[in-house]
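Below is one structure, written out as structure tokens; comments come after it.
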Amino acid sequence: MTSSIRPKHRAAIDAGVEVVRRRWSVSPKFGLILGTGLHRLVEGVEVDDTIDYGAIPSFPQSTALSHHGRYLCGKLNGVPLLVMDGRCHFYEGYSASTLMLPVHVMAAMGIQALVVSNAAGGVNPLFSIGDLMVLSGHINLMWSIRGTADDGTIGRAVSPRPCVYAESYRQLALAVARQHDFVAQQGVYVGVTGPTYETRAEYRMFRQIGGDAVGMSTVPEVLAASQFQIPVLGLSMITNVAKPDAPETVDADEVVEAARHCAPNMNQIVSAVAEKLGRII
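Numbering (our numbering), first residue to last: 1 to 281.
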């Protein structure tokens, strides 16, 4: 386990692992985090057990729309995986250490890759609703990683490795998109705390600093995986496109519905990741 984990947080990780292993003794090969409206990503998963976050000490409770707040333990294409069916966010009042805990538990259980999905707003004018964006990097506008200094859990500042978004998985995702004839862009994800959607001025700023899509999650989880040197594949489903000069109201229910409609394309990529891990691990 990485030396940046302090004893208090290490104990929380160990407690989480113990709860999961009592219910499911399999060692997962990869982890999958479901974004808003993306529950269809687990349609092909053979679920062995479901563990509510409430049954695990110190775990956060999901309150966001379409986030169930539970682990799904099972197999995809014969490959064991652990699924976060629902995530938590800064705007729900949690510290970074708490948001990172479910990923740290997956890492401690032995995952060797992490697929992170999200529903995001497009700020690149070339994007369209329904496009899938493969993350090449992120911009952290969540600013401080809250919870590192005040609660003594994580330790020194968390910085991502330069190649945390694994090139091999990015190329695999793009190849799957070509094979199945759907649009997959590459781009930079801008992470903000929310919960309000962005203003016209903010959309312009995100584009000017190099962002292609914006959302309220993902960054803490990617940083958590980076602490354990776990390669990450980040996937954003573009559920709305920002038009600063012709603004439209963004509704959370519409975002969820758009994500549900587009999820099958993302599912093809997740299945390909499972097949790759089944061959090499």
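Built from N, CA and C at the ideal position, the CB exists for glycine as well.
Bear in mind that the values here come from a model prediction, so they are computed numbers and not experimental data.
Asked                                                                                                                                                 : Found
When you compare only the Cα positions, how much space is there between H9 and P220?                                                                  : 15 angstroms
Is there contact between the region 45 to 52 and the region 87 to 96, where contact requires at least three CB pairs shorter than 8 angstroms?        : no
Which partner residues of D299 appear in the DSSP bridge assignment?                                                                                  : Residue 299 is absent from the structure shown; the chain starts at 1 and stops at 281.
With a 10 Å radius around its C-beta and 16 neighbouring C-beta atoms as the bar for buried, classify E18 as buried or exposed.                       : exposed
To which residues does DSSP link S236 through a beta bridge?                                                                                          : N118, M133
Cβ atoms of V214 and A120: under 9 angstroms apart, would you say?                                                                                    : yes
Since L82 and I111 are thought to touch, with beta carbons under 8 angstroms apart, how far apart are those beta carbons, to the nearest angstrom?    : 7 angstroms
Taking the alpha carbon of S25 as the reference point, which residue from G122, G31, C73 has its own alpha carbon closest?                            : C73
Please state if the CB of V222 and the CB of G210 are separated by a distance shorter than 9 angstroms.                                               : no
Taking 7 angstroms as the limit between beta carbons, can you name the residues of its chain near G152, skipping five residues before and five after? : Note that G152 has pLDDT 48, beneath the 50 cutoff, so the model's placement of it is unreliable and the number below is only indicative. Hits under 7 angstroms: R6, K8.
Between which two residues does the alpha helix (DSSP H) holding M205 run?                                                                            : 200 to 208
Our contact map puts D245 next to V123 with C-beta atoms below 8 angstroms; I'd like the distance itself, whole angstroms only.                       : The pair is not a contact, with the Cβ atoms about 13 angstroms apart (cut-off 8 angstroms).
Which of the three DSSP states is assigned to M84 in this structure?                                                                                  : strand
Please determine, among A225, R178, Q229, the residue with the shortest C-alpha to C-alpha distance to L99.                                           : A225
In chain order, which alpha helix (DSSP H) runs of at least 4 residues are fully inside the region 15 to 39?                                          : none
Would G35 and S117 be called neighbours here (beta carbons separated by less than 9 angstroms)?                                                       : yes
Once the 5 residues before and after G137 are set aside, which same chain residues still bring their CB inside 8 angstroms of it?                     : Y165, V188, Y189
Taking a contact to mean a Cβ-Cβ separation below 9 angstroms, would you say L172 touches I238 in this structure?                                     : no
Using a C-beta cutoff of 9 angstroms, does D48 count as contacting chain B?                                                                           : Looking at the structure shown, chain B is missing, and only one protein chain is on hand.
With distances taken from CA atoms, which of L277, R22, D14, G37 is nearest E254?                                                                     : G37
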